[in-house]
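The listed protein sequences derive, respectively, from chains A and B.
Take the first sequence: its letter number 228 is residue 228 in our numbering, and every next letter is one higher.
Take the second sequence: its letter number 333 is residue 333 in our numbering, and every next letter is one higher.
The C-beta atom is built at its ideal place from N, Cα and C for all residues, glycine as well.
First up is the structure itself, then whatever we jot down about it.
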Amino acid sequence: MTSTLVEVAGVEKRFGTTRALRGVDLSIDAGQCLGLVGRNGAGKSTLVSILSGLSEPDAGTVRFGGEPAPRVGDIGRWREWIATVFQHSMIVPYLSVAENVFLGATASVVSWRAMRRSTREIMGEWGLHVAPETPCRDLSVEQLQVVEIARALARGAKCVVLDEPTAALERQASERLFERVRQLTASGVAVLYISHHLEEVFEICQDVAVLRDGELVLSAPTARLSKDDLVAAMVGTAAVDPVVGDTVVADTAATASPTTGPEAPVDGDIAGDPASDGAARGEAVLAVDGLSSHSARGRLSGVSLRVYPGEVVGVTGLLSAGVATIGRVIAGAEAAAGGAVRLRGRRVPTGQRAAAQRAGIGYIPEDRRAEGFVAHLGVAENTTMTITRELSGRLGLLPPRRRAVAAAPFTERLSLVSSGPQQPVAELSGGNQQKVTVARTLAHRPSLIVAITPTRGVDVASKELLLNSLASVAATSGAGVLLCTDELSDLAICDRVLVLVRGEVFTEFSSPPFDRDALILATEGISAPWGDDPQDPPKKSGQTGQGDE
Amino acid sequence: MISNQAPQRRAPAPADAGAAARAGGSIGARLRGMNVSVLREVALLPVLILLIVVGTVVSPAFFTVSNFAGIGQQSSALGVVVVGESLILLIGGMDLSLESTFGLAPMVAAWLIVPVAAYGAGTDLSPYLGILVLLAVGAVIGLVNGLLIVKGRLNGFIVTLGMTIVLAGLQNGIVKAQSLFNLPYPFGYLGSASYGQLPVSLIVAVVIFVLTGLFLRYHRAGRAIYAVGGNPAAARAAGIKVDRVKIGVYIAGSVLAAIGGLMEAGRVSAVTGQQGYGEGIIFSVFAAAVIGGVSLKGGRGNMVGAASGVILLGIVQDILDLANVSNYWIEAIDGAVILFALFLARIVGGESTAEER
């Protein structure tokens, strides 16, 4: 394991006045799994794009196996060394598995038989037995990822970059991915593993590098570091509480209130309110009865739930359990096959987003790129997109300045960083883009906010801020929040958590702190081993969470 | 990546911006916002100046008021259709049938107005009612297109391609391929009247461009058009009634095409079977919009760009006429110049006119 495969020295990259990378040195050995972590905007994507041969550094060098890297743009030759599995699938859905594996790498005359045979071999090695003729649109997210890894290896890449590979995977699929990463490194392939989930880095990476503001601030073996060390390196101050926004669900819930600054009294109120059974809180904001759906994202059969004013209710479960579906149906983004959604006692039709919004249901969609904002329009315009009717005058006129003024309080509240209200959202970092989506939702002062995986792909500090802003909206305005997520750490802000299994409510955890292990078991459809009453699980176990996810 | 600075240094930024916005927008921020849009909007200016220089060199008759008035009158009908097509392109749609609406709507109206002897229907409709009929024909065609595309989820290209042939067939069918002349004055007024040397059609076209431009920039529904074209899913999630916006725009586009057709009928004092589809104006319509920076993928573009695209095509046409280019070659040269202008607009306009890779 001594031969250095990839060597990056003094790499700099500017975008306008922003120095995205400031002299980064990095090396990856054969058979090594190097973790790369950093907040949104720290320079990870820029580094990946340089490593993948997609953009050229302003200064510095990239070397493969001691040789200078090929010319930028000569993608074919770069792929002989390094291949990246991007967060966003680079699969052509209508082509078969075999065609996708050999995409752009076939000889002039295509030998279908040879292509299918070697695809079958490669995929078999990875324990994935799909026919090479299968169109990729029929595969699951996990299978697609394996196809992308297979594509990298089919071209002989000696280093594989995995960019947030577990973001769309269920827990078991993630664990199978870790197995595959170990298999890769054991066979001498170098892996650069990029993740927001620090526990994953500790689980599979021998070494970890931390980027902050374009600089490499830490590079060390994971064995010599604690999670606190990593968070401190990422955030750059020792003042940040190490527990903040990370995986220690039970702990965060118990300690979040005194450590989160301005939000503290608010959270204290929630945590201190023992009447979480809801009966004492008056009429429910949201009443869902017998909701069912045949959605491809996960079916629902007869789900009923209540959200009371000021309450944050979590819904969690495996990806296929219907967690996203219930959020989408309640928000009006998808029609229900049966059942009723009532907001403050009044029936809301499903499948009509505009009607649901007018009724007072805010919606933070699952995929912000697809539904969260209009990329080339400005921050202010996106933020006020939900309230154009209220903002515009009698003739429907809506000057840009009025939008900017109306958007300001919401973007400030979320500490959204932009060069001004006109800046296109496309130019913002992922975390700030998500803040635009949240601001857009807060802007129309909903009486219920449906948030689906709101922290996915968001860095540690922004995650905390987003969750706290949801909790504080609930506490201060009396709005209810329905938080649909498979990120167990997000549930720390919840007053109650419902666990869905195969589209039905399996169990309810009705008082925080929630036990992480019990939650995990419940999502798998297993009752907690200590008895039938999940409402009072034993305190804290598996806190470090390093063995999970 | 853009906002890639230390958190401590970042914090004041949004507060500043907010304060500036509350104070009515700092001069700096306003200038910067303007610079970007102004640059993008005048992207065609160098090309236009170049063409005017070329025209002046080619013919002494070019740089005269009467010639420019002529260009204005010839271009206004096309211009109004370009406004309609631009709106439809902005929502991410396309409408090939505007060229047939451009012919059919005035044909139906004129058919109901003129006497039987002049191949009319025999209803001898009042010309004012005829104009209402013309607008209604446009609205109905737009509604049918919109419903088929939005509610029927059919492909806009093939729906409007089919529609364009159906409409052109109706245009010839109802009058047995005759042309209708002797249109009453109120019907021909828009296309033929002028104040001094200023054609009414040009005034109306300019007003339509300006109002549509202001509508797109300052009206709630105008902004909804950009949101729908830029990202329909996000617009829907933000509570915008995407389907309604789209159908509304298809209707508006067809009504504008009908108005353009009325201008053309007045200009040539007749409605011929050739008007619209027979002349193949749709290529010029798309070319003007795209040269002007309206994206075929939706969400990007504005009326200043669309107008400069129309002016550019009008000047090119005029120079070709003045230069006495042989009739046998004029189409080839016309097409080639448009392709060249597209290329120039792409170079000058930068990323805003580039198609995504």
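Anticipated Cβ contact below 8 Å, residue i with residue j, distance rounded
i: Ile71 of chain B; j: Ile315 of chain B; result: 6 Å
i: Val101 of chain A; j: Ala154 of chain A; result: 5 Å
i: Thr316 of chain A; j: Thr84 of chain A; result: Wrong, their Cβ atoms sit about 31 Å apart, outside the cutoff.
i: Ile113 of chain B; j: Gly120 of chain B; result: 7 Å
i: Tyr218 of chain B; j: Leu398 of chain A; result: 6 Å
i: Val450 of chain A; j: Ile364 of chain A; result: 7 Å
Under 8 Å between C-beta atoms of residue i and residue j
i: Tyr250 of chain B; j: Gly146 of chain B; result: yes
i: Gly362 of chain A; j: Pro454 of chain A; result: no
i: Arg299 of chain A; j: Gly332 of chain A; result: no
i: Ile281 of chain B; j: Glu99 of chain B; result: yes
i: Val231 of chain A; j: Leu218 of chain A; result: no
i: Phe102 of chain B; j: Val81 of chain B; result: yes
i: Val458 of chain A; j: Leu470 of chain A; result: no
i: Leu162 of chain A; j: Gln143 of chain A; result: no
i: Val497 of chain A; j: Gly314 of chain A; result: yes
i: Ile82 of chain A; j: Val6 of chain A; result: yes
i: Phe410 of chain A; j: Thr383 of chain A; result: yes
i: Leu416 of chain A; j: Val374 of chain A; result: no
Pick from the options that is closest to residue i, judged by C-alpha positions
i: Glu80 of chain A; options: A:Asn382, A:Ser419 and A:Val189; result: A:Val189
i: Arg456 of chain A; options: A:Gly327, A:Ser489, A:Cys205 and A:Val348; result: A:Ser489
i: Ala69 of chain B; options: B:Gly309, B:Tyr195 and B:Leu256; result: B:Tyr195
i: Val62 of chain A; options: A:Val341, A:Ala340 and A:Val11; result: A:Val11
i: Tyr441 of chain B; options: B:Asn67, B:Gly266 and B:Val285; result: Residue 441 of chain B is absent from the model: chain B starts at 1 and stops at 357.
i: Val137 of chain B; options: B:Ile158, B:Asp124, B:Val114 and B:Ala110; result: B:Ala110
i: Arg347 of chain A; options: A:Leu286, A:Trp78 and A:Ile364; result: A:Leu286
i: Glu487 of chain A; options: A:Leu318, A:Leu397 and A:Leu395; result: A:Leu318
i: Gly169 of chain B; options: B:Ser97, B:Ile319, B:Ala270 and B:Ala117; result: B:Ser97
i: Arg116 of chain A; options: A:Ile82, A:Arg151, A:Asp138 and A:His88; result: A:Arg151
i: Phe209 of chain B; options: B:Gly253, B:Val47 and B:Pro60; result: B:Gly253
i: Ile194 of chain A; options: A:Arg358, A:Leu51, A:Pro512 and A:Asp74; result: A:Leu51
i: Gly230 of chain B; options: A:Gly16, A:Thr18 and A:Glu381; result: A:Glu381
i: Phe15 of chain A; options: A:Glu179, A:Glu56, A:Ala335 and A:Val405; result: A:Glu56
CB contact check: residue i to chain A, cutoff 8 Å
i: Arg153 of chain B; result: no
i: Arg300 of chain B; result: yes
i: Gly18 of chain B; result: Bear in mind that a pLDDT of 39 at Gly18 of chain B, under 50, signals an unreliable position, so the model cannot answer this.
i: Arg346 of chain B; result: no
i: Phe340 of chain B; result: no
i: Asn35 of chain B; result: Caution applies to Asn35 of chain B, whose pLDDT of 47 falls short of 50 and renders its modelled position unreliable; the value that the coordinates give is listed next. No, its Cβ sits nowhere closer than 8 Å to a Cβ of chain A.
Contact with chain B by residue i, beta-carbon distance below 8 Å
i: Ser392 of chain A; result: yes
i: Glu12 of chain A; result: no
i: Phe86 of chain A; result: no
i: Thr386 of chain A; result: yes
i: Arg297 of chain A; result: no
i: Leu377 of chain A; result: yes
i: Gln357 of chain A; result: yes
i: Pro553 of chain A; result: Since the first residue of chain A shown is 1 and the last is 549, residue 553 of chain A is not available in this structure.
i: Leu51 of chain A; result: no
i: Phe102 of chain A; result: no
i: Gly360 of chain A; result: no
i: Leu483 of chain A; result: no
i: Pro365 of chain A; result: yes
i: Ala557 of chain A; result: Lying before the first or after the last residue shown, residue 557 of chain A is absent from chain A, which here runs from 1 to 549.
i: Ala168 of chain A; result: no
i: Val8 of chain A; result: no
i: Ala233 of chain A; result: no
i: Arg582 of chain A; result: Nothing can be reported for residue 582 of chain A: it is not among the residues displayed for chain A, which extend from 1 to 549.
i: Val303 of chain A; result: no
i: Pro349 of chain A; result: no
i: Val460 of chain A; result: no
i: Phe64 of chain A; result: no
Proximity test, residue i beta-carbon vs the ligand PLP heavy atom, cut-off 7 Å
i: Ile208 of chain B; result: For the ligand PLP, the structure offers nothing, since it holds no ligand at all.
Note down, in chain order, all residues in the stretch 219-252 of chain B with a beta-carbon under 8 Å from any beta-carbon belonging to chain A. Along the stretch 219-252 of chain B, going in chain order, the ones with a CB nearer than 8 Å to a CB of chain A are His219, Arg220, Ala221, Arg223, Ala224, Tyr226, Ala227, Gly230, Asn231, Ala233, Ala234, Ala235, Arg236, Ala237, Ala238, Gly239, Ile240 and Lys241.
Residues of the stretch 182-205 of chain A whose Cβ lies closer than 8 Å to any Cβ of chain B, in chain order: Identification of residues in the stretch 182-205 of chain A having a C-beta nearer than 8 Å to some C-beta of chain B yields an empty set.
Anything in the stretch 333-345 of chain A with a Cβ closer than 8 Å to a Cβ of chain B? List those residues in chain order, please. Correct list: Ala333.
Looking at chain B, which residues of the stretch 25-40 of chain A have a Cβ within less than 7 Å of any of its Cβ atoms? The stretch 25-40 of chain A vs chain B, Cβ under 7 Å: nothing.
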